[in-house]
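See structure below.
Residue numbers (this note's numbering): -17 to 233.
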């Protein structure tokens, strides 16, 4: 694999064309950039879209060297695409993007296809699930390390667009490239049904649970705790009795 092409989108017309193309394709990749990893509060400073494996666009919402599309306008155009449950959105660690888009008022309702989860399912003992590592292994193309684009302490919104745009776009088209390879491997190992029928629905559920919390029945939990304690005591008594029977003195 090699680097794909990147389109820099700075206006409503350009974004609308990409959104229409994604809707028409039925399957598209999405990735957002932020200045913080606090997924419950931070907002996007840019995002990327890809509808094929060789090209993508990057849409900066904040940049140090160019006038960007108005964030409210971008949200208005993008939100209907992300809300379509009949489309498939591909990405790396999509749960993070789900949180960011929820913060921004453009929740992702598309069916997810997460390359990170697919990689874990294919090889649970894999050392790294980072995009660069997955790209190097599956595509022979690791992409650009984040540190080369945004050195430590540099917020992404401060990265010049000539660096931010190719990096953001790369995240999107690499996700589509990984999907094309991984879905064949999942099928080959008989994991397609588990991935699509369990792992991806659970991904969306986990995102909701992280945001909304979990309602716990304290009385039922306490009762179950007492039940476990009783069972533990029974096991311990049984083990102590067995040990006594096997002791040299007893024999």
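Here a beta-carbon is modelled for each residue, glycine too, at the ideal position from N, C-alpha and C.
Return yes when the Cβ of residue j is within less than 8 Å of the Cβ of residue i, no when it is not.
i, j, result
"residue 75", "residue 104", "no"
"residue 1", "residue 59", "yes"
"residue 162", "residue 168", "no"
"residue 70", "residue 101", "no"
"residue 158", "residue 65", "no"
"residue 112", "residue 185", "no"
"residue 72", "residue 11", "yes"
"residue 182", "residue 95", "yes"
"residue 127", "residue 114", "yes"
"residue 143", "residue 48", "yes"
Give me the residue from the options with the minimum Cα distance to residue i.
i, options, result
"residue -11", "150, 70 and 124", "150"
"residue -3", "16, 9 and 43", "43"
"residue 13", "139, 41, 49 and 188", "41"
"residue 62", "109, 22, 83 and -13", "83"
"residue 189", "65, 9 and 90", "90"
"residue 29", "88, 181, 130 and 5", "88"
"residue 193", "21, -5, 202 and 135", "21"
"residue 67", "116, 178 and 8", "8"
"residue 195", "202, 187 and 143", "187"
"residue -16", "198, 217, 152 and 136", "152"
"residue 81", "49, 4, 191 and 216", "191"
"residue 4", "154, 178 and 116", "154"
Just confirm the distance between the C-beta atoms of residue i and residue j, as a whole number of angstroms; I'd bet it's less than 8 Å.
i, j, result
"residue 46", "residue 147", "No, residue 46 and residue 147 are not in contact; Cβ-Cβ is about 13 Å, not under 8 Å."
"residue 164", "residue 125", "Not a contact, Cβ separation roughly 16 Å."
"residue 16", "residue 23", "Rounded, the Cβ-Cβ distance is 10 Å, inconsistent with contact."
"residue 129", "residue 138", "At roughly 12 Å, the Cβ-Cβ gap does not stay under 8 Å, so residue 129 and residue 138 are not in contact."
"residue 120", "residue 160", "6 Å"
4 or more residues per run - each alpha helix (DSSP H) lying fully within the stretch 77 to 107
For the stretch 77 to 107, whole alpha helix (DSSP H) runs of length 4 or above, ordered along the chain, are 97 to 104.
Any contact of the stretch 51 to 61 with the stretch 32 to 40, i.e. 3+ C-beta pairs under 8 Å?
The stretch 51 to 61 vs the stretch 32 to 40: no contact.
Any alpha helix (DSSP H) of 4 or more consecutive residues that is wholly inside the stretch -10 to 37
If we require 4 residues or more, the alpha helix (DSSP H) runs fully inside the stretch -10 to 37 come out as -6 to 7.
Which full runs of the beta strand (DSSP E) of 3+ residues lie inside the stretch 43 to 82, going along the chain?
List check, beta strand (DSSP E) in window: 70 to 73.
What runs of the alpha helix (DSSP H), each 4 residues or longer, lie entirely inside the stretch 118 to 206?
Runs of the alpha helix (DSSP H) lying entirely within the stretch 118 to 206, each at least 4 residues long, are 128 to 131, 143 to 170 and 182 to 194 in chain order.
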